[in-house]
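K.L.:
Numbering (the working numbering), first residue to last: 1 to 108.
#1: Nearest-angstrom Cα distance between residue 59 and residue 91?
#2: Find out if the Cβ-Cβ distance for the pair residue 86, residue 97 is shorter than 8 Å.
#3: Give the secondary structure of residue 75 by DSSP, where H, G and I count as helix, E and B as strand, and everything else as coil.
#4: Count the other C-beta atoms from every protein chain shown that fall within 10 angstroms of the C-beta of residue 83, then say buried if there are 16 or more, exposed otherwise.
#5: Residue 73 and residue 80 - do their beta-carbons sit closer together than 8 Å?
#6: Quick one: grab the DSSP three-state call for residue 70.
#7: Just the Cα atoms here: how many angstroms apart are residue 105 and residue 24?
Take a look at the structure:
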């Protein structure tokens with residue numbers, strides 16, 4: 001027998017012998033009242049990290065001639081390799097952030 005068939009057999013047996021909820025005389029309700037509420041997460045560490053990453057990235061790339069050439073080509077309307085590469089990188093990172101956000105949203 002394969003494992004999937006075993007799981008189906010167990011489910012079938014459990015469904016046949018299930019008589020409904022087991023009375024617990026309020027035990028579950030008392031336990032749930034004793035559990036502390038989930039603390040909300042603070043948003044400032046994420047915002048500070050994004051800001052620090054942006055500033056450090058800007059400082060490290062400020063002297064790069066690639067960015068000056070890319071900006072010049074973008075504003076001139078010329079689609080050169082130096083203009084397309086940073087644009088493709090930004091689009092790729094945006095899609096990566098979108099995929100990560102959707103993956104994290106499925107977990108919660």
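We put the CB at the ideal spot given by N, CA and C, even for glycine.
P.N.:
Well, looking at it:
#1: Our two residues, residue 59 and residue 91, have alpha carbons roughly 21 Å apart in a direct line.
#2: If you check the CB distance, residue 86 and residue 97 do not come in under 8 Å.
#3: Residue state, collapsed to three classes: helix.
#4: By the neighbour-count definition (other C-beta atoms within 10 Å, threshold 16), residue 83 is a buried residue.
#5: Contact flag set, yes.
#6: The answer is helix: DSSP assigns residue 70 an H, G or I state.
#7: Roughly 34 Å between the two C-alpha positions.
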